Amino acid sequence: MTRIDIALGERSYPVLVGHGLMNEPSAWNRWLPDTPLVVFSNEKVAPLYLDALARVLPDHELHPLVLPDGEAEKSFDNFRRAVDFLAERGIRRDACLLALGGGVIGDLCGFVAATWMRGIRFVQFPTTLLAQVDASVGGKTAINIPQGKNLVGAFHQPSLVVADTATLDTLDPREYRAGLAEIVKCGAIRDADFLDGIEARCEALLARDVECVVDVVGRSVAHKAAVVAEDEHETGVRATLNFGHTFGHAIEALSGYTRFLHGEAVAIGMVTATRLSELRGLCPTGVADRLSATLQRLGLPVSIPDDMTADDLMSLMSLDKKNTASSRRLVLLRDAGQAVIHADSRPEQVREAIEASRTPTE
Ligand SMILES: NC(=O)c1ccc[n+]([C@@H]2O[C@H](COP(=O)([O-])OP(=O)(O)OC[C@H]3O[C@@H](n4cnc5c(N)ncnc54)[C@H](O)[C@@H]3O)[C@@H](O)[C@H]2O)c1
Numbered sequence: 291m292t293r294i295d296i297a298l299g300e301r302s303y304p305v306l307v308g309h310g311l312m313n314e315p316s317a318w319n320r321w322l323p324d325t326p327l328v329v330f331s332n333e334k335v336a337p338l339y340l341d342a343l344a345r346v347l348p349d350h351e352l353h354p355l356v357l358p359d360g361e362a363e364k365s366f367d368n369f370r371r372a373v374d375f376l377a378e379r380g381i382r383r384d385a386c387l388l389a390l391g392g393g394v395i396g397d398l399c400g401f402v403a404a405t406w407m408r409g410i411r412f413v414q415f416p417t418t419l420l421a422q423v424d425a426s427v428g429g430k431t432a433i434n435i436p437q438g439k440n441l442v443g444a445f446h447q448p449s450l451v452v453a454d455t456a457t458l459d460t461l462d463p464r465e466y467r468a469g470l471a472e473i474v475k476c477g478a479i480r481d482a483d484f485l486d487g488i489e490a491r492c493e494a495l496l497a498r499d500v501e502c503v504v505d506v507v508g509r510s511v512a513h514k515a516a517v518v519a520e521d522e523h524e525t526g527v528r529a530t531l532n533f534g535h536t537f538g539h540a541i542e543a544l545s546g547y548t549r550f551l552h553g554e555a556v557a558i559g560m561v562t563a564t565r566l567s568e569l570r571g572l573c574p575t576g577v578a579d580r581l582s583a584t585l586q587r588l589g590l591p592v593s594i595p596d597d598m599t600a601d602d603l604m605s606l607m608s609l610d611k612k613n614t615a616s617s618r619r620l621v622l623l624r625d626a627g628q629a630v631i632h633a634d635s636r637p638e639q640v641r642e643a644i645e646a647s648r649t650p651t652e
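Using the working numbering, read the sequence shown as starting at 291 and increasing by one per residue.
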C-alpha cells in the first residue's frame with residue numbers, strides 16, 4: 291500500500307492506494323468516525339461493491355443512497371434528493387458521508403457534505419481510474435446545472451481517500467483508458483521522467499498490470515497532492531492541472547457531451563495545447579508528436595474531428611471558467627514535464643494549433 295498525505299494543516303488527510311484495500315479495513319478504518327455513515331453510490335457500482343464494503347464495516351450504521359448512473363445525475367435534483375434523504379434519516383453534524391463510485395458520485399457526495407449543516411465529514415472510495423488519480427483528491431466538489439458543468443460547487447476536502455485499484459478490474463476499457471489520459475497529464479505538466487516511464491509501460495498499463503497500476507496511481511496522486519498543498523483554491527499553480535482541459539471542455543461541449551469521454555477530450559486537448567506551445571516557440575518541436583504517439587498507444591484519440599470548426603471551438607473556449615473577464619488563460623508546455631500558464635494567447639495561433647491537430651502526425 292502507498293500512502294500519500296495531502297498537507298493542508300488541520301485539514302490534512304491521507305490518500306491510500308493499493309490493490310484489494312477495500313477488504314483490508316485495518317489499513318483505513320481508524321480514519322472513519324464511529325458515527326452513522328451515509329454511503330452514496332449508483333446503480334452500477336453498488337451491486338459490485340456495496341456489500342463488500344458493508345461486510346468490512348459490521349459495526350457501522352450504514353445508510354446507502356443508490357442513485358441512477360451517469361453524468362446527468364450530478365444534478366440539482368439529486369442534490370435535493372440527497373438532502374431529503376439526510377433529513378429523513380436524522381443525519382447530524384457528527385455523521386460522515388462516503389462516496390463509493392466514480393467522479394460523478396464523488397463530486398455530488400462531496401458537495402452534499404460541503405453544504406449539509408454547513409459542512410460535515412466525507413470520505414472517498416473512488417472506483418474509476420479518473421476518480422482515483424484526479425476527482426477524489428483535492429476537495430473540488432460540484433453539481434451541474436443546465437447552463438454548464440460544475441457551475442455550482444464548493445471546495446471541501448475529504449478526510450480520507452481509499453483508492454482500491456482492484457475495483458478497476460470491473461471498469462469498462464474505454465473508461466479505464468480515459469483515466470490514463472489524466473495520468474499522462476501529470477507527467478506532461480510536472481515530471482518528464484514519469485512521462486518516460488508511462489511511454490515505456492503502455493502495454494502493462496493497458497493490461498492493468500497490478501504493480502504498474504498501483505505505481506502510476508500513487509505517483510499521479512503524489513503530484514496532485516503537491517499541487518493542492520501549494521495552491522488549494524486554484525489561484526496559481528493548481529491551474530496547471532487543467533492542461534488540455536480548455537480545448538477538451540470545448541470539444542466535449544461541442545459534441546453535446548456524448549461523443550467523447552472527458553479523458554478522451556483531454557487527450558485531444560493536451561496534444562492541441564502542446565502544438566500551440568510549439569507554435570509560440572515556447573516548447574521544442576517534437577514534444578506534441580511524442581505526446582500524441584504515447585496517447586495513441588494508450589488507445590486514446592488525439593485529433594480534432596473535422597466537423598468541429600475552429601470558430602465554434604474558440605467561442606466555447608472563451609466561456610471557460612478559468613478565464614478572467616479580460617484575458618484568456620491557457621496552460622501550455624515549456625517542455626515535456628514543465629507546464630506554464632499563459633494569459634495572452636493570440637487567436638490566430640490558437641486557430642493554427644486547432645488545424646494542426648486535425649490529423650495525427652506519426
Ligand atoms: N472534483 C474534481 O477535482 C474532478 C476532477 C475531474 C473530474 N471530475 C468529475 O468527475 C466526473 C467524471 O468521473 P468518472 O470519469 O469517474 O465518471 P463516472 O463517475 O460517471 O464513472 C464512469 C462510469 O463508470 C462506472 N463505474 C464506476 N466505477 C466502476 C467500477 N469499478 N466498475 C464498473 N463500472 C464503474 C460508473 O457507474 C459510470 O458508468 C465528471 O463529473 C467530472 O466533472 C471531478
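Glycine included, C-beta positions come from ideal geometry on N, C-alpha and C.
Only a predicted model underlies this, so the values are computations on that prediction, with no experimental measurement involved.
Query, Result
"Burial state of A362 (16 or more Cβ within 10 Å)", "exposed"
"Any non-hydrogen atom of ligand 1 within 7 Å of I395 CB", "yes"
"Anticipated Cβ contact below 8 Å, C573 with R648, distance rounded", "With 8 Å as the limit, C573 and R648 do not qualify as a contact, their Cβ atoms being about 20 Å apart."
"Runs of alpha helix (DSSP H) lying entirely within the region 327–361, each at least 4 residues, in chain order", "336–346"
"Residues that DSSP places opposite T548 in a beta bridge", "Per DSSP, none; premise fails for T548."
"Sheet register partners of Q639 (DSSP bridge)", "According to DSSP, which records beta bridges pairwise, Q639 is partnered with nothing at all."
"Under the three-state DSSP convention, the category P304 falls into", "strand"
"Heavy atom of ligand 1 within 7 Å of D625 beta-carbon", "no"
"CB contact flag (I558, S605, <8 Å)", "no"
"Counted within 10 angstroms of its Cβ, other Cβ atoms place N313 as buried (16 or more) or exposed", "exposed"
"contact_flag[the region 515–531, the region 293–305] where n(CB pairs < 8 Å) is 3 or more", "yes"
"Among A515, L327 and H552, the one whose alpha carbon lies nearest that of V427", "A515"
"Top-ranked residue by Cα proximity to A583, from G508, F550, T536 and A471", "A471"
"Same chain only: Cβ atoms within 7 Å of R293, ignoring 5 sequence neighbours per side", "P304 and L306"
"Buried versus exposed call for P436 [16 or more other C-beta atoms within 10 Å across all chains shown]", "exposed"
"Ligand 1 heavy atom lying under 7 Å from the CB of V504", "no"
"Proximity below 8 Å, CB of D367 to CB of K334", "no"
"Inter-residue Cα distance where the pair is T405 and A432", "11 Å"
"Any non-hydrogen atom of ligand 1 within 7 Å of N532 CB", "no"
"Backbone CA spacing between V511 and K475 [nearest angstrom]", "12 Å"
"Integer Cβ distance of L388 from V329, believed to fall under 8 Å", "5 Å"
"Cα-Cα separation between I473 and E489, rounded to whole angstroms", "11 Å"
"Per-residue burial, D596 [other beta carbons within 10 Å of its own, 16 or more giving buried]", "exposed"
"Other residues of its chain near L352: CB distance less than 7 Å, five sequence neighbours each side excluded", "L327, V329 and A344"
"The region 444–454 touching the region 388–404, judged by at least three CB pairs closer than 8 Å", "yes"
"Exposed unless 16 or more other CB atoms sit within 10 angstroms - verdict on H523", "exposed"
"H552 CB to nearest heavy atom of ligand 1 below 7 Å", "yes"
"Span separating the alpha-carbon of V527 from that of Q628", "12 Å"
"Cβ contact (3+ pairs, closer than 8 Å) linking the region 445–465 and the region 532–549", "no"
"Closest residue to R587 among L566, I644, A377 and C492 (Cα-Cα distance)", "C492"
"Range covered by the alpha helix (DSSP H) that runs through I435", "No alpha helix (DSSP H) contains I435, which is instead part of the beta strand (DSSP E) from K430 to I435."
"Near ligand 1: L338 beta-carbon under 7 Å from a heavy atom", "yes"
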